[in-house]
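Here's the structure we're looking at; comments come further down.
Residue numbers (the numbering used here): 930 to 1166.
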């Protein structure tokens, strides 16, 4: 039976597990987040928020942030901002798409990027260099977590393991934590998220057509089918 190792932080990990359980009954789901989120106590951020993650939205709301508008990296982040009463504008992709959108639309600002302690892409510096008024607030920290015993057992076993990776950071943590010789089928949300695991021996490795949740579900479904095929071929030997 194929196994899916979900390493996302909560609550996204459990939400993804529920989606996959509905789409693929009988597939074994192993939930083992490789990072936790610790929110900081911060003053209420000033300016129109720029969000590159849902945890940025959560940090902003915890700090009492209030805005009629928000600029968001993708649709899932925008949906959370919309649920909080903001008019959320989604770049529909990754940080590069968000930077391009802001430089094209050129909001008057001021803008504030609510981000984690670990971030990439130099979003604030690049937007400031492009003439936008923007600052940054560190709203949360990403805390590394070890693989669970169940996850380690899956990776040490003989059955295929499908591993969805939703960020370059998650990919790096998985590459560092991975032990064992179970056949791996890795699906990353982007080429950048795939790069840190390219040195790992895998049965299949690919990234989503678009950096969004729907494309990832399609990719994961394809990898589950490939894992079933791998099992069938192994059973015929």
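The beta carbon of each residue, even a glycine, is placed where N, CA and C say it ideally should be.
Asked	Found
Contact set for residue 1055: own chain, Cβ-Cβ below 6 angstroms, skip 5 residues either direction	1028
Local conformation of residue 956 per DSSP, three classes	coil
Contact belief for residue 1126 with residue 1106 at Cβ below 8 angstroms, rounded distance in angstroms	That belief does not hold up - the Cβ atoms of residue 1126 and residue 1106 are roughly 11 angstroms apart, past 8 angstroms.
Proximity below 8 angstroms, CB of residue 931 to CB of residue 1156	yes
Whole-angstrom distance between residue 961 and residue 934, CA atom to CA atom	7 angstroms
Alpha-carbon spacing of residue 1151 relative to residue 966, whole angstroms	30 angstroms
Nearest-angstrom Cα separation, counted from residue 1077 out to residue 945	18 angstroms
Status (buried if at least 16 other CB within 10 Å, exposed otherwise) for residue 1023	buried
Residue 1137, buried or exposed, once every other Cβ within 10 Å from all chains shown has been counted against 16	buried
Local Cβ density within 10 Å of residue 988, reported as buried at 16 or more and exposed below that	buried
Alpha carbon of residue 975 to alpha carbon of residue 1067, nearest angstrom	13 angstroms
Residue 1009 beta carbon less than 8 angstroms from that of residue 1020	no
For residue 1101, the first and last residue of its enclosing alpha helix (DSSP H)	1097-1106
Contact between the segment 1102-1120 and the segment 990-1002 (3+ Cβ pairs under 8 angstroms)	no
Residues near residue 1140 by beta carbon distance below 6 angstroms, same chain, minus five either side	1022, 1023, 1118 and 1119
Rounded separation between residue 948 and residue 1149 - CA only	11 angstroms
Sequence-distant residues of its chain with Cβ nearer than 8 angstroms to residue 1016 (five each side left out)	997, 998 and 999
Backbone secondary structure at residue 1034 - three-state DSSP	helix
Contact under 8 angstroms by Cβ, residue 1098 with residue 1069	no
Inter-residue CB distance, residue 1040 and residue 977 (contact presumed, cutoff 8 angstroms)	5 angstroms
Straight-line gap, residue 1153 to residue 1129 (C-alpha atoms, nearest Å)	19 angstroms
Cβ-based burial, residue 1166 [other Cβ within 10 Å; buried from 16]	Residue placement at residue 1166 cannot be trusted, given a pLDDT of 36 that sits under 50; what the coordinates show is reported in the next sentence. Its Cβ having fewer than 16 others within 10 Å, residue 1166 is exposed.
Cβ separation of residue 1005 and residue 1116, assumed to be a contact under 8 angstroms, to the nearest whole Å	17 angstroms between Cβ atoms; not a contact.
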